[in-house]
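Report on one structure; see the data block that follows.
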Amino acid sequence: MSFNWDLVMNSFPLLLTGAVVTVQITALSVALGVIIGLFVGVARICHVAPLRILAAVYVDFLRGTPLLVQIFLIYFALPVITGQRVDPFFAAIASCGINSGAYVAEIFRAGIQSIDAGQMEAGRSLGMTWMQTMRYIIVPQAFKRVIPPLGNEFIALLKDSSLVSVIGFEELTRRGQLIIARTYGSLEIWISVAIIYLAMTLTISRFVAYLERRYKVDDRH
Amino acid sequence: MIDIKGLHKAFGKNEVLKGIDLHIAEKEVVVIIGPSGSGKSTLLRCMNYLEEPTAGDISVDGIHLNSESNINKVREEVGMVFQRFNLFPHMTVLENIALAPVKVRHVSRTEALETANSLLDRVGLADKAQAYPEQLSGGQQQRVAIARALAMKPKVMLFDEPTSALDPEMVNEVLDVMKALAKEGMTMVVVTHEMGFAREVGDRLLFVDEGRIIEQGEPKAVFEDPQEERTKSFLSKVL
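Residue numbers (my numbering), protein chains in the order written: chain W, -11 to 209; chain Z, -9 to 229.
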């Protein structure tokens, strides 16, 4: 067995451009996932029964089916209904973001429910509506508590974004496949791809640890 | 000011309030005592609908607690102080007090902060404006909580065992603020175990047991000459 260092060096710039795309998909999906997750998570515990049920169905469906199948549904099945081709970039972000939204919703729900019930009572007894109390009192406190699980979810999402390679979207994993198809350097390229993913996830986990420390200090002042 | 008719409240099969009729006049200070589990806190919490009655009618300052918008309206006029303070830990003391006036009463931020500062002065905590709740002692936190409720300029103040979670040496600083408030003519309903406070400040004492008002009257009279057996037995244990 020989390890071709030149292949690693030569492929690296191309893999890095793939990594940039991976970061883009992840960042946009995370943003979409957090927005969806916040609303669905709050809807899961609100007093409007239809909203609550809808939110539960959303979470159940997206956690209960594989992300890969969800990507196929959006990229291949949706065009059958609409009669229009779906842009791969859109399909990648929509499927990852919508999927992540379900997990983020559960994280927010747990975070909100971990806040002492007395906080809601205090807000309501001051005449604030349920929504105002959520917005100004409960959610800001819950946000600090959900930073660690949210960090885990972002790391999972970054790795899961490799699945969009199956619809031919050229992120890191797909770039790797394409280089291998040309050079047959499976060993060198997959190791390189793995190391780049690892570098990215470690960066996120360090960043989350930093946020956690910062907000802990803030809380105490 | 507060009118309660035929109030019932059950948690599942557990009937906590079994028919309460009560009228509280403007500027009256009503103190509610009773053994734990008697329903006294539940009665208080029904007055601003933190607990939803199973049956009965409650009105505050002429507004019936029968719709979401009325409930919010009543809550704007009824301040509440909790046993466990329930300050907002992510905000400074000043922000705690100024939040609701800005969001609910729509007063300007500058005005709300001004009011908050003068309220802090009134409860003797002017120097704590920028502190966070957890930097304060229990007694200080409870005084902030009173200031927070007063910032809404309420017509009634409800106190749910306001000194029960405090170390003994901090009880008086809170009771002093409440006494001053009573003197200024605030309508107050106080659930408490502080018999001294009840005797000194209360206009009327209510003894509640097993979901009913067993006895009520001028505090001194009830303490010195209770008419009901259950009142006698309770007072003999706590006095």
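The beta-carbon is built from N, C-alpha and C at its ideal position, and this holds for glycine as well.
Pull up the CB-CB distance for residue i and residue j, whole angstroms please, since I reckon it's below 8 Å.
i: V50(Z); j: V68(Z); result: 6 Å
i: V181(Z); j: S31(Z); result: 6 Å
i: H13(Z); j: A45(Z); result: Their Cβ separation, rounded to whole angstroms, is 18 Å, which puts H13(Z) and A45(Z) out of contact at 8 Å.
i: V228(Z); j: T221(Z); result: The pair is not a contact, with the Cβ atoms about 11 Å apart (cut-off 8 Å).
i: G25(W); j: G89(W); result: 5 Å
i: R123(W); j: R32(W); result: With a Cβ gap of about 16 Å, R123(W) and R32(W) do not count as contacting.
i: L115(Z); j: V134(Z); result: 6 Å
i: T141(W); j: G6(W); result: Strictly speaking, residue 141(W) in this sequence is Glu, with Thr absent from that position. The Cβ separation is near 22 Å, so there is no contact.
i: G207(Z); j: R194(Z); result: 7 Å
i: A137(Z); j: L109(Z); result: 4 Å
i: A110(W); j: F72(Z); result: 7 Å
i: T171(W); j: L(-5)(W); result: 6 Å
i: P216(Z); j: E205(Z); result: 6 Å
i: V30(W); j: E94(W); result: In fact, because the Cβ distance is near 12 Å, the residues do not count as touching under 8 Å.
i: S59(Z); j: V198(Z); result: That belief does not hold up - the Cβ atoms of S59(Z) and V198(Z) are roughly 30 Å apart, past 8 Å.
Tell me where the alpha helix (DSSP H) around residue i begins and ends.
i: N87(W); result: P76 to Q101
i: N76(Z); result: Where N76(Z) is concerned, there is no enclosing alpha helix (DSSP H), given that its DSSP letter is neither H nor E.
i: I61(Z); result: E58 to E67
i: I69(W); result: L66 to T70
i: F60(W); result: L55 to F60
i: K169(Z); result: V161 to K173
i: P36(Z); result: According to the sequence provided, residue 36(Z) is Cys. The question's Pro does not apply to it. Looking at the DSSP string, the run of the alpha helix (DSSP H) that includes C36(Z) is K30 to C36.
i: R189(Z); result: M185 to V191
i: A121(Z); result: Per DSSP, A121(Z) belongs to no alpha helix (DSSP H) and is neither H nor E.
i: L103(Z); result: R99 to R112
i: Q165(W); result: L160 to T171
i: P91(Z); result: V83 to K93
i: F224(Z); result: E219 to V228
Just to make sure I have the definition right: I need the residues of chain W whose C-beta is within less than 7 Å of the C-beta of residue i. Which are they?
i: E66(Z); result: G115
i: F149(Z); result: Here the premise fails: no neighbours, minimum Cβ distance about 12 Å.
i: R74(Z); result: G106
i: N62(Z); result: G115 and T117
i: H96(Z); result: Those within 7 Å of H96(Z) in chain W number zero; the least Cβ separation is about 11 Å.
i: M142(Z); result: L114 and G115
i: M70(Z); result: S113
If you reduce the DSSP assignment to three classes, tell me which class residue i lands in.
i: I41(W); result: helix
i: R284(Z); result: Nothing about residue 284(Z) can be read from this structure; chain Z reaches only from -9 to 229.
i: H209(W); result: Bear in mind that a pLDDT of 41 at H209(W), under 50, signals an unreliable position, so the model cannot answer this.
i: G21(W); result: helix
i: D150(Z); result: strand
i: E141(W); result: helix
i: M(-11)(W); result: coil
i: M116(W); result: coil
i: V36(W); result: coil
i: V134(W); result: coil
i: D(-6)(W); result: helix
Residues of chain Z with CB under 9 Å from residue i, in chain order?
i: P38(W); result: What P38(W) touches in chain Z: nothing, since even the nearest Cβ is about 17 Å away.
What does residue i reach in chain Z if we use C-beta pairs closer than 7 Å?
i: Y124(W); result: L89 and K93
Along the chain, where does the beta strand (DSSP E) containing residue i start, and where does it finish?
i: R45(Z); result: At residue 45(Z) the sequence reads Ala, which differs from the Arg that was named. A45 to V50 is the span of the beta strand (DSSP E), which, as asked, contains A45(Z).
i: Q206(Z); result: R202 to G207
i: V180(Z); result: T177 to V181
i: D199(Z); result: R194 to D199
i: V21(Z); result: V19 to I23
i: I(-8)(Z); result: I(-8) to F1
i: K8(Z); result: N4 to I14
Going along chain W in order, which residues have a C-beta closer than 8 Å to the C-beta of residue i?
i: L40(Z); result: E109, R112 and S113
message: To be precise: take each residue of the stretch 172 to 184 of chain Z, compare its Cβ to all Cβ atoms of chain A, and keep it if any distance is under 8 Å. Which residues remain?
response: Although the question refers to chain A, the structure presented lacks it and instead comprises the protein chains W and Z.
- request: Check distances from the C-beta atoms of the stretch 89 to 121 of chain W to those of chain Z and list, in chain order, the residues that come in under 7 Å.
  value: G106, Q107, E109, A110, R112, S113, L114, G115, M116, T117 and Q120
task: Pull out every residue of the stretch 193 to 218 of chain Z whose Cβ sits closer than 9 Å to any Cβ of chain W, in chain order.
output: none
message: What are the residues in the stretch 128 to 153 of chain W lying within 7 Å of chain Z by C-beta distance?
response: P128 and Q129
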